[in-house]
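Accompanying notes for the structure given below.
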Amino acid sequence: MNSPIRKLACILLGSAAALLIWASDDGTGDWPMWGGTPDRNMVSNMKGLPTSWDVAAKKNVKWVAALGSQTYGNAVVSGGIVVVGTNNEAMRDPKQAGDRGVLMAFRESDGEFLWQATSEKLAAGRVNDWPFQGVASSPLIEGDRLYYVSNRCELVCLDTKGFRDGENDGPFTGEKLTGEKDADIVWKFDMMEEVGAFPHNLANSSPVSFGDLIYVSTSNGQDESHVNIPSPRAPSIIAVNKKTAKLVWEDNSVGERILHGQWSTPAVGKIAGVDQVVMGQGDGWVRGYEALSGKKLWEFDSNPKDSVWPKTRNEVISTPVIFDNLVYIANGQDPEHGEGVGHLYAIDASQRGDITKSGMVWHYDKIRRSISTAAIHDGLVYYADFSGFLHCLDAKTGTAYWVHDMLAAVWGSTVVAGGKLYLGDEDGDVVVLQPGKQKKLLAEINMGSSIYSTPVPANGALFIASRNQLFALAEAKR
Ligand SMILES: [Ca+2]
Ligand SMILES: [Ca+2]
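Residues in the sequence shown are numbered consecutively from 1213, following our numbering.
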């Protein structure tokens, strides 16, 4: 190829890649982060996904891999590997025994276990690192680098090739175990040491990036008294340079107003021409920042002013979705707190300052407490709540078209993929619905164990983690 043509090809490829960063997943391949794309919209145009399967009869089941005994992580798929957070009850290496947070990597084609990153529990116990909850962060994979938040409140960068490439990638080279099934750590940013975070029960945020920056929530929260905040000056959100592992910016607008913990995850998107990072925080407010500088652009209170914690006032655990210059997010509480009233909003994030009134495009108060994330597709918003109701609303007006009762608690999120809508529940059922203004249930399939995760579409397959197994589902080739 002569050089002008190569240059043109690079420009074209570059612009295609740039489009991929911003559009919701186009369905052609991987699902390298929570939500597939930085805007976190749970939508994929992937074709050929299965609409029925049977885990007992192995119909349309490509492979099954054993996870620990509790799995709250969501799988990501990139570069031929599938990675998911779980606990250590599968104990794949007797040298790494006891309760640990575990990130497991499998080969995408056949489910063979490749490597794992394990972390011992924090010494303080359940206040910082709840027993047997494992790793709840969904990694972000970019090329051969993977970023996730460990149960020890560290933002960790790993080499996706591990030690199989014959190299101990650094700056971090102090791994005790360097076998081919061990994780090769590139760097760690300890949020407890570096920014004073005090994670309540578990650090769990799922990283997102923009340029050289990686963004996560610190999970800073209350101590066991549920009154005292040991580290009120620690930030809620940080931006770390992925090349230097240095803190670039932080924000602590929440201060001492943390209601409980902070378990949300940021989204990135271009809103009215400005690249923003958006996150729900522990005081129940949602905030938007200029992505590179960290300058706070706007904040929005997701609770009515007369609400009272914990009965009617909520924190924000859901991930915001950025779509068409709006931010879609619901509030809710720790599942341990059970069910209660919730609020779902579409927010005009092109406005600045306190936009609680001015930025509210619509408010839907028929939703219950939710920890789920939206799927926005073809003018409709699909949003599940913890009480088990799936709501279908008009994206522009918030008008409800239908509600489907799952008859069990929902921890995960709806995904619209290949023209079908998928959602799992605590009873282990996954429903398949036809997206649209009329409710149409196509299938309901039991996975044999609770689903706390979200179905992940990648390369023509659907990856679903139950409490203790990871399923790769695909139409059997005839
Ligand atoms: Ca390596
Ligand atoms: Ca290393």
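Glycine is no exception: its CB is placed at the ideal position from the N, C-alpha and C atoms.
Coil, strand or helix - residue i by DSSP
i	result
glutamate 1551	coil
alanine 1228	Because alanine 1228 sits at a pLDDT of 42, beneath the cut-off of 50, its placement in the model cannot be relied upon, and the point is left open.
glycine 1337	helix
alanine 1235	Its pLDDT being 49, under 50, alanine 1235 is placed unreliably by the model, and the measurement read from it follows with that caveat. Three-state DSSP puts alanine 1235 in coil, outside helix and strand.
glutamate 1405	helix
aspartate 1322	coil
tryptophan 1510	strand
cysteine 1222	Its pLDDT being 38, under 50, cysteine 1222 is placed unreliably by the model, and the measurement read from it follows with that caveat. Looking at cysteine 1222 - three-state DSSP - the assignment turns out to be helix.
valine 1528	coil
phenylalanine 1598	coil
asparagine 1464	coil
leucine 1619	coil
aspartate 1396	strand
glutamate 1436	coil
cysteine 1365	coil
leucine 1279	coil
methionine 1316	strand
glutamate 1301	coil
phenylalanine 1375	coil
glycine 1500	strand
isoleucine 1450	strand
histidine 1412	coil
isoleucine 1583	coil
arginine 1679	coil
methionine 1209	What is shown of the chain runs 1213 to 1690, which leaves residue 1209 out entirely.
glutamine 1650	coil
phenylalanine 1384	coil
tyrosine 1664	coil
methionine 1245	coil
glutamate 1687	coil
threonine 1330	strand
glutamate 1354	strand
glutamine 1488	strand
aspartate 1566	strand
serine 1476	coil
Cβ separation of residue i and residue j, assumed to be a contact under 8 Å, to the nearest whole Å
i	j	result
leucine 1334	arginine 1364	6 Å
glycine 1346	glycine 1292	Contact doesn't hold; Cβ gap of about 24 Å is too wide.
histidine 1616	lysine 1651	6 Å
serine 1665	glycine 1636	7 Å
asparagine 1671	valine 1289	7 Å
valine 1489	proline 1478	5 Å
leucine 1674	leucine 1682	The Cβ separation is near 11 Å, so there is no contact.
valine 1622	aspartate 1597	7 Å
aspartate 1371	aspartate 1396	4 Å
alanine 1415	serine 1431	4 Å
isoleucine 1579	phenylalanine 1535	Actually they do not touch by this definition, with Cβ atoms about 18 Å apart.
glycine 1552	glutamine 1545	7 Å
glutamate 1468	proline 1442	Their Cβ separation, rounded to whole angstroms, is 11 Å, which puts glutamate 1468 and proline 1442 out of contact at 8 Å.
valine 1539	isoleucine 1559	4 Å
alanine 1277	phenylalanine 1344	Rounded, the Cβ-Cβ distance is 19 Å, inconsistent with contact.
valine 1407	cysteine 1369	Going by Cβ atoms, the distance from valine 1407 to cysteine 1369 rounds to 17 Å, so no, they are not a contact pair.
As a quick check of your reading: which residues have a C-beta less than 7 Å from at least one non-hydrogen atom of ligand 1, in chain order? With the cut-off at 7 Å, the residues found are Asp1371, Lys1373, Gly1374, Phe1375, Asp1377, Glu1379, Asn1380, Asp1381 and Asp1396.
Inspect the CB distances between the stretch 1578-1590 and the stretch 1441-1452 and report whether three or more fall short of 8 Å. no
Count Cβ pairs between the stretch 1320-1334 and the stretch 1260-1270 that sit closer than 8 Å; are there 3 or more? no
Evaluate the contact criterion for the stretch 1265-1273 versus the stretch 1599-1614: three or more CB pairs, one atom per stretch, below 8 Å. Counting Cβ pairs under 8 Å, fewer than three are found: no touch.
For the stretch 1378-1389 against the stretch 1409-1420, do three or more pairs of beta-carbon atoms, one drawn from each stretch, fall closer than 8 Å, so that the two count as touching? No, the stretch 1378-1389 is not in contact with the stretch 1409-1420.
With contact counted as at least three CB pairs below 8 Å, one residue from each stretch, are the stretch 1403-1413 and the stretch 1465-1475 in contact? With a cut-off of 8 Å, the stretch 1465-1475 and the stretch 1403-1413 count as touching, because enough Cβ pairs lie within range.
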